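Chemist:
In our numbering, the protein residues as written are 90 to 468.
This is the structure:
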């Protein structure tokens, strides 16, 4: 199967690119000279997109609607490297070796597989669900395009934690767009924000203010998730309801859709008796038939698995819920990096994909950025 690559660049660069990639078995189609002049076309016919790494072509707004696509750049100016880093383009085609490697990754079956839908939940009492969701998202973004959905309908905080500007759209706008017949991925992701860190594969659908979700928007949650999942996105959704509502509401309907389509649920709670009590009480309300869904529970402990308090908590959770995948996470563990996060994701069905390693400097800046904001939010 011949890969079809869209090219956004001045025509003088497109002709040699067409020859070069043609020799590697790919077909290049010229789309236009600048991103700003293209609007938001349908890109489903392209397996990847190559951009000329100049300010004229990329502009100051970043990739925009191309965030969910496989993008590479060609360096034609002295500052092309800086432009690629600013726009979050990690694949820079400096020669045949880089071009062949990029095309090989595009042709891998994993790029044609549906993504994964992962849910993160914790009972009332601030056990750390938002931190866990962001940690999983940062780890998942090393593998594929990742979207964080803030479906905490009590006090959404993902966008605030990442210091993203207040969005008039976010999840609510995406749900309204999902009501259209066969919405495109680009239409839905137009409501997402790219995090203010060099995480080229991480976007956020900011939360909905309590009481703002209507029944029509709630009914389109299933379409939103299915469309994004089928595009290959990794979706990390944090969910929470006010007092784990028993009565039907738009929020509870939206959460039910999230749970129904989940590939895996990660829950987190404190090891204390109160934490276990809240967990057991609210789990059956927010996760119906939990025994039928793969659930991993993280128990926050002061020290670790040798602590008798963890053993007691694990035994109580197993007896009261039937969940047997219960793991300890120490209070001193790095909340956004570590083997405990990568090991957790490896338990998700279908998530075994090639993980790219971002440049060390960019990775460290990303981790440092999020740690500072998490520390600030806890003070």
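No residue lacks a Cβ here, since even glycine has one placed at the ideal position from N, Cα and C.
Fair warning: this is a prediction, and the values are worked out from it, not measured in the lab.
Specify, as a first and last residue, the run of the alpha helix (DSSP H) that residue 347 falls within.
Modeler: 339-349
Chemist: Could you give the C-beta distance for residue 159 and residue 136, rounded to a whole number, given that I count them as a contact under 8 Å?
Modeler: 7 Å
Chemist: Check whether the Cβ of residue 367 lies closer than 7 Å to any Cβ atom in chain B.
Modeler: No chain B appears in this structure, which consists of one protein chain only.
Chemist: Determine the direct distance from the alpha carbon of residue 256 to that of residue 102, and round the result to whole angstroms.
Modeler: If I take the Cα positions, the gap works out to 37 Å.
Chemist: Applying the 10 Å Cβ sphere with the 16-neighbour rule, what's the burial state of residue 370?
Modeler: exposed
Chemist: Under the assumption that residue 216 contacts residue 411 (Cβ atoms under 8 Å), give the Cβ distance between them as a whole number of angstroms.
Modeler: At roughly 20 Å, the Cβ-Cβ gap does not stay under 8 Å, so residue 216 and residue 411 are not in contact.
Chemist: Do the segment 171-182 and the segment 301-316 touch if we need at least three Cβ pairs shorter than 8 Å?
Modeler: no
Chemist: With DSSP as the reference, please indicate the residues paired to residue 318 in a beta bridge.
Modeler: In the DSSP output, where bridge partners are listed per residue, residue 318 has none listed.
Chemist: Compute the Euclidean distance between the alpha carbons of residue 331 and residue 242, then round it to the nearest angstrom.
Modeler: Distance from the CA of residue 331 to the CA of residue 242, rounded to the nearest whole angstrom, comes to 7 Å.
Chemist: Comparing C-alpha positions only, which one of 112, 284, 323 sits nearest to residue 252?
Modeler: 284
Chemist: Cα separation between residue 95 and residue 161?
Modeler: Whole-angstrom Cα-Cα distance: 10 Å.
Chemist: Secondary structure at residue 380, three-state DSSP: helix, strand or coil?
Modeler: Confidence is the limiting factor: at residue 380 the pLDDT is only 45, short of 50, which leaves the residue's position unreliable, though a coordinate-based value still follows. It is helical.
Chemist: Here's a check: name, in chain order, each residue in its chain whose Cβ is nearer than 8 Å to the Cβ of residue 111, leaving out the five neighbours to either side.
Modeler: 117
Chemist: Going by the DSSP bridge assignment, what does residue 389 pair with across the sheet?
Modeler: 359, 418
Chemist: Using only CA atoms, which one of 92, 309, 221, 141 lies nearest to residue 385?
Modeler: Here the closest residue by C-alpha is 221.
Chemist: Helix, strand or coil for residue 174 per DSSP?
Modeler: helix
Chemist: Can you tell me whether DSSP reads residue 125 as helix, strand or coil?
Modeler: coil
Chemist: Are there 16 or more other CB atoms within 10 angstroms of the CB of residue 389, so buried, or fewer, so exposed?
Modeler: buried
Chemist: Residue 114: buried (16+ other C-beta within 10 angstroms of its C-beta) or exposed?
Modeler: exposed
Chemist: Taking 7 Å as the limit between beta carbons, can you name the residues of its chain near residue 503, skipping five residues before and five after?
Modeler: Because the chain here runs from 90 to 468, residue 503 falls outside it and cannot be looked at.
Chemist: Nearest by alpha-carbon distance to residue 143: which of 325, 353, 415, 168 is it?
Modeler: 168
Chemist: Can you give me the Cβ contacts of residue 437 inside the same chain, cut-off strictly under 7 Å, excluding the 5 residues immediately before and after it?
Modeler: 205, 207, 352, 353
Chemist: Assign residue 435 to buried or exposed, taking buried as 16 or more other Cβ atoms, counted over all protein chains shown, within 10 Å of its Cβ.
Modeler: exposed
Chemist: Can you name, in chain order, every residue of its own chain whose Cβ lies under 6 Å from the Cβ of residue 311, other than the five neighbours on each side?
Modeler: 346
Chemist: Sort 358, 381, 376, 382 by Cα distance to residue 402 and report the nearest one.
Modeler: 358
Chemist: Secondary structure at residue 247, three-state DSSP: helix, strand or coil?
Modeler: helix
Chemist: In whole angstroms, what separates the C-alpha of residue 123 from that of residue 145?
Modeler: 7 Å
Chemist: By the three-class DSSP mapping on this structure, what secondary structure does residue 282 have?
Modeler: strand
Chemist: With a threshold of 8 Å on Cβ separation, who are the neighbours of residue 225 within its own chain once the five nearest residues in sequence on each side are excluded?
Modeler: The beta carbon of residue 225 lies closer than 8 Å to those of 207, 209, 325, 355, 430, 433, 434 in the same chain, with the five residues before and after it left out.
Chemist: Residue 350 to residue 382, Cα distance in whole Å?
Modeler: 10 Å
Chemist: Once DSSP output is grouped into helix, strand and coil, what is the label at residue 189?
Modeler: helix
Chemist: Note down, in chain order, each residue of its chain lying with its Cβ closer than 6 Å to the Cβ of residue 320, except the 5 sequence neighbours on either side.
Modeler: Counting only Cβ-Cβ distances below 6 Å, and skipping sequence neighbours, we find 274.
Chemist: Between which two residues does the beta strand (DSSP E) holding residue 292 run?
Modeler: 291-294
Chemist: Residues in its own chain within less than 7 Å of residue 183 by CB, not counting five upstream and five downstream?
Modeler: 164
Chemist: I'd like the list of long-range same chain contacts for residue 323, defined as Cβ closer than 6 Å, with 5 residues on each side in sequence excluded.
Modeler: 204, 205, 229, 233, 235
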